[in-house]
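**Q** The following block contains the structure, expressed as structure tokens.
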Amino acid sequence: MPASFDPQKMTISSTLSSQLETLNFSNVLVGEVWFCSGQSNMYRPIGGIPGVKDSRVEGCDAVLSLPEQPMLRLFCDDEHPLWKSMKWQTARPETLELFSAVAYFFGRRLLDELDVPVGLVHVSRGGTMIQAWTPEQYAFQAPVTVKYAELYEQSKPMIQEYNRAFKEYRENRRNGAKRPDPLPPEIDTARTFANVSGLYERDWLNRWCLLPYRVSSGIRASSMPVARGLRVTMIKCCRH
Numbered sequence: 003m004p005a006s007f008d009p010q011k012m013t014i015s016s017t018l019s020s021q022l023e024t025l026n027f028s029n030v031l032v033g034e035v036w037f038c039s040g041q042s043n044m045y046r047p048i049g050g051i052p053g054v055k056d057s058r059v060e061g062c063d064a065v066l067s068l069p070e071q072p073m074l075r076l077f078c079d080d081e082h083p084l085w086k087s088m089k090w091q092t093a094r095p096e097t098l099e100l101f102s103a104v105a106y107f108f109g110r111r112l113l114d115e116l117d118v119p120v121g122l123v124h125v126s127r128g129g130t131m132i133q134a135w136t137p138e139q140y141a142f143q144a145p146v147t148v149k150y151a152e153l154y155e156q157s158k159p160m161i162q163e164y165n166r167a168f169k170e171y172r173e174n175r176r177n178g179a180k181r182p183d184p185l186p187p188e189i190d191t192a193r194t195f196a197n198v199s200g201l202y203e204r205d206w207l208n209r210w211c212l213l214p215y216r217v218s219s220g221i222r223a224s225s226m227p228v229a230r231g232l233r234v235t236m237i238k239c240c241r242h
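According to the numbering used here, the sequence shown is numbered sequentially starting from 3.
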């Protein structure tokens, strides 16, 4: 279907059960849809992280003073009541305040330059690594995954002991607990390969059911060297 700013109606019928089932949708736009994920830098809302001082994004007031932008639609995996309806929301002050700043400014540029409606699906988890969002069969095509996954297995006892000690430190640091000595840099990187594909399977596959769909476009905010080594692999897997 060609891109269109004109709201459309869509009817989906199914005969999988003994009876004909029909779903009707209205106000449907046709255009770009981008999947946006990453760590806390992607998560950071325009209005700031709740409870975190001075976390509002520069230029926040100007963005939140804009009128509703009905051709820019937002969908967010978040526990806030606004998003629990599991429906697309238009970009307007009350939704933008709670939406990823990186994703919004990217989507706004797409809307201006491509002149088509834009939908942004935002799913971020603070502190997560790109390998956790990449399907296992693709992640292990990247040499960096093979290298650190093997090192993780070789160093598992040391990593598990560090994780135990660090958890104990976090729970008791206000009582003067000592922070454990850091792991060697390479082993510390290997520690992040304990969950290859975990978030892809839990959130993208099981929660959002993206498995049957080919994703042509996505953005992920991360600047770590390991992430740079896996970014091309992740894009390839999404497009297949």
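In this text, a Cβ means the ideal position worked out from N, Cα and C, and glycines have one as well.
So, at 7 Å on beta carbons, what are the nonlocal neighbours of residue 157 in its own chain, with the 5 sequence-adjacent residues on each side left out?
**A** 189, 192
**Q** Check whether the Cβ atoms of residue 31 and residue 119 sit closer than 8 Å, and answer yes or no.
**A** yes
**Q** Have a look at 123, 43, 82, 195 and flag the residue whose alpha-carbon is nearest the alpha-carbon of residue 150.
**A** 195
**Q** Buried or exposed: which applies to residue 14, given that a residue is buried once 16 or more other Cβ atoms fall within 10 Å of its Cβ?
**A** exposed
**Q** With burial defined as no fewer than 16 other Cβ atoms inside 10 Å of the residue's Cβ, what is the status of residue 176: buried or exposed?
**A** Looking at its Cβ environment, which holds fewer than 16 other Cβ atoms inside 10 Å, residue 176 is exposed.
**Q** Could you give the distance in angstroms between the alpha-carbon of residue 92 and the alpha-carbon of residue 70?
**A** If you take the alpha carbons of residue 92 and residue 70, they lie about 7 Å apart.
**Q** DSSP three-state call for residue 73: helix, strand or coil?
**A** strand
**Q** Candidates 185, 81, 179, 140: which alpha carbon is nearest residue 234's?
**A** Taking only the C-alpha atoms, the option nearest residue 234 is 140.
**Q** So does residue 152 have its beta carbon nearer than 7 Å to some heavy atom of the ligand ZN?
**A** Ligands are entirely absent from the displayed structure, and the ligand ZN is therefore not among its contents.
**Q** Give the DSSP bridge partners of residue 162, in chain order.
**A** Its beta-bridge partners do not exist; DSSP assigns none.
**Q** Using 8 Å as the cut-off, can you tell me whether the stretch 25-43 makes contact with the stretch 122-135, which would need three or more C-beta pairs spanning the two stretches below that distance?
**A** yes
**Q** What does the Cβ neighbour count give for residue 44, buried or exposed, with the cut at 16 atoms within 10 Å?
**A** buried
**Q** Report the rounded CA-to-CA distance for residue 180 versus residue 171, giving the unit in angstroms.
**A** Cα-Cα distance, rounded: 6 Å.
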